[in-house]
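Q: Okay, handing you the structure first.
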Amino acid sequence: MRILAFETTCDETSVCLLDDGRLLSNIVFSQIGLHRKYSGVVPELASRAHLEKISPVLCAALSKAGYERPFLDTCVDAVTRHGVPQTAGKGRLNGPKIDAVVFSRGPGLPGALLVSRVAAEAAARLLGAKLLGVNHLEGHFLAYEYDGGLASRRIKFPCIGLIVSGGHTELWLAEGYGRYKVLGRTRDDAAGEAFDKVAKLLGLEYPGGPSVEKAALRAGARGAAHPRPKKGEAPAAKSSGFAFPRPYMEDSFDFSFSGLKTAVAYRLRDLLGADFYEKSRRLSQAGQSGICLAFEEAVTDTLVHKTVKACSAFGIKRVVVGGGVAANLRLRRKFSELSGAAGYEVGFAEKQYCTDNAAMVALCGARRLDYGVSGGPLDIAPDLAEISWR
5 MRILAFETTC DETSVCLLDD GRLLSNIVFS QIGLHRKYSG VVPELASRAH
55 LEKISPVLCA ALSKAGYERP FLDTCVDAVT RHGVPQTAGK GRLNGPKIDA
105 VVFSRGPGLP GALLVSRVAA EAAARLLGAK LLGVNHLEGH FLAYEYDGGL
155 ASRRIKFPCI GLIVSGGHTE LWLAEGYGRY KVLGRTRDDA AGEAFDKVAK
205 LLGLEYPGGP SVEKAALRAG ARGAAHPRPK KGEAPAAKSS GFAFPRPYME
255 DSFDFSFSGL KTAVAYRLRD LLGADFYEKS RRLSQAGQSG ICLAFEEAVT
305 DTLVHKTVKA CSAFGIKRVV VGGGVAANLR LRRKFSELSG AAGYEVGFAE
355 KQYCTDNAAM VALCGARRLD YGVSGGPLDI APDLAEISWR
């Protein structure tokens, strides 16, 4: 089964080809440089960039997978013109047959989602292939299965899934492929969004996740210890560093990170005055790194705490973590400690598959086809909440 997949939910344009679990190509164009000066993704700019890049990214993916002209020209022409080109004819589609075309139908930015939706429909019509629309978040969950370029690591069910990215933070009870239940989600800012906002408060470069992590690692290298608060305790700043409250919200599996972001803003106000935002770049490197470390500790402690709580509630000790924030080293270390101390089985997607990519989208389609599911909605759904498909 050979699958062509498209991903354009936010600020990465990606196309891949997956052949019976083996990645033939996975091309990703990132828009980070485009959005950096705005300290966040600008939806209109993202959509335009996807329109500009979808054809060259498709061409690169097909070429890397071994396809040659005139096949390349015909496919790119179809996607560019949003339909079967007049040049399509006998002999122009020579090459290994593509059985299915898959795209992320949501959640994501409306304009961005439309780009892959239209491209996938045009490609499927040209190739005579099945067309499937899948949930982007399931892709982050299934991305764990990639070991290098092979989808050879099967998820063991039942398990708890932690999907933690720039736009979403969710806990799932996963009982099998396509059998998922959302246990909790963020009530305000997602974890990745909180990283971006705190980075902006501190005058750090976008995207915030890597910038905050880099600064926090500097503090850790200096041995700046930040006392971990007791359960339910909101610690005050210490002379040796900083500490922020953990938004555990014990009454549910939901998350909330906006208060933590506000706590950072208040601490900066205490240090620099009411106009702290204009003065944030004057903060010493030690102070900046200390705040980043304390913030990162609070976020990762909360993510681990909620996951353990879900595991305890359902008697499960298997966890799968995916999404952009899953690349965070401190989060990986905390879950690793949990595995050693309490016997949990924690699996992370490889770092190259944590951020948005078409490989994870292709895997969503592959698992559906494994169960004979080849239909389903094809409309884009920016706020898509439905995650189960069988």
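Here our numbering is used: the first residue of the sequence shown is 5, the next is one more, and so on. Here a beta-carbon is modelled for each residue, glycine too, at the ideal position from N, C-alpha and C. Model, not experiment: these values are computed from the prediction.
For C20, which of I31, T12, H309, C14 has the nearest alpha-carbon?
A: Nearest C-alpha to C20: I31.
Q: If you check the beta carbons only, do R6 and D151 fall under 8 Å apart?
A: No, the pair does not count as a contact, with Cβ atoms beyond the cut-off.
Q: When you compare the segment 380–392 with the segment 51–63, are there three or more beta-carbon pairs, one atom per stretch, that lie closer than 8 Å?
A: Short answer: they don't touch.
Q: For P233, does the three-state DSSP call read helix, strand or coil?
A: Note that P233 scores 48 on pLDDT, short of 50, meaning its location in the model is unreliable; the coordinates nonetheless yield the value given after this. It is coil, neither helix nor strand.
Q: If I measure Cβ to Cβ from A75 and keep anything under 8 Å in the same chain, skipping five residues before and after, which residues do I get?
A: For clarity, residue 75 is Phe in the given sequence; the question names Ala instead. Taken in chain order, the residues that qualify are L66, R96, L97, N98, G99.
Q: Counting Cβ pairs, one atom from each stretch, are 3 or more of them under 8 Å apart for the segment 114–123 and the segment 40–59?
A: Short answer: they touch.
Q: Put D151 into one of helix, strand or coil per three-state DSSP.
A: Strand at D151.
Q: Counting beta carbon pairs with one atom in the segment 135–152 and one in the segment 32–43, are three or more of them shorter than 8 Å?
A: Verdict: no, contact absent.
Q: Spell out whether any CB of chain C is found under 8 Å from the CB atom of H144.
A: In the displayed structure, chain C is absent; only one protein chain is listed.
Q: Hey, could you find the ends of the beta strand (DSSP E) S43 is sitting in?
A: Taken as a continuous stretch (DSSP letters only), S43 belongs to no beta strand (DSSP E), as it is neither H nor E.
Q: Classify E16: buried if its beta carbon has 16 or more other beta carbons within 10 angstroms, exposed otherwise.
A: So E16 counts as buried.
Q: How is the alpha helix (DSSP H) around K355 delimited, first residue to last?
A: Careful: K355 lies outside any alpha helix (DSSP H) and carries neither H nor E.
Q: Classify P231: buried if its beta carbon has 16 or more other beta carbons within 10 angstroms, exposed otherwise.
A: With a pLDDT of 47 at P231, under the threshold of 50, the modelled position of this residue cannot be trusted; read the value that follows with caution. Exposed: under 16 other Cβ atoms inside 10 Å.
Q: Return helix, strand or coil for K185, following the three-state DSSP convention.
A: Strand.
Q: Is the CB-CB distance between K265 and V308 below 8 Å?
A: For K265 and V308, no; Cβs fall outside 8 Å.
Q: When DSSP labels each residue in this structure, what does I167 get in the three-state scheme?
A: Here I167 sits in strand by DSSP.
Q: Which residue marks the beginning of the beta strand (DSSP E) containing D103, and which one marks its end?
A: D103 -> no beta strand (DSSP E), and no H or E assigned at all.
Q: Nearest-angstrom Cα distance between P381 and E125?
A: Computed Cα separation, rounded: 13 Å.
Q: What does R322 pair with, by DSSP beta-bridge criteria?
A: DSSP lists E349 as partners of R322.
Q: In the DSSP assignment, the beta strand (DSSP E) including R6 goes from what residue to what residue?
A: Unbroken beta strand (DSSP E) run through R6: 6–11.
Q: Nearest to D258 by CA position, among S215, R191, A267, is which residue?
A: Cα-wise, what sits closest to D258 is R191.
Q: Which of helix, strand or coil does DSSP assign to V32?
A: Three-state result, V32: strand.
Q: Measure the alpha-carbon distance for S378 versus R372 and round it to whole angstroms.
A: Their Cα atoms are separated by approximately 7 Å.
Q: Does DSSP classify E254 as helix, strand or coil?
A: Three-state result, E254: coil.
Q: Could you give the first and the last residue of the continuous alpha helix (DSSP H) run that contains E197?
A: Segment 195–205, the alpha helix (DSSP H) holding E197.
Q: Just to confirm, are Y348 and T306 a CB contact at a threshold of 8 Å?
A: Not closer than 8 Å, so no.
Q: Keeping to the same chain, check which residues put their C-beta closer than 7 Å to that of A198; ignore five residues upstream and five downstream.
A: The residues are F261, L264, K265, V303.
Q: Hey, how far is the Cα of I36 from the Cα of L22?
A: Approximately 26 Å between the Cα atoms of the pair.
Q: Who are the near neighbours of V119 in its chain, counting only those whose CB is closer than 7 Å to its CB and skipping five residues on each side?
A: Around V119: T12, S51, H54, L55, I58.
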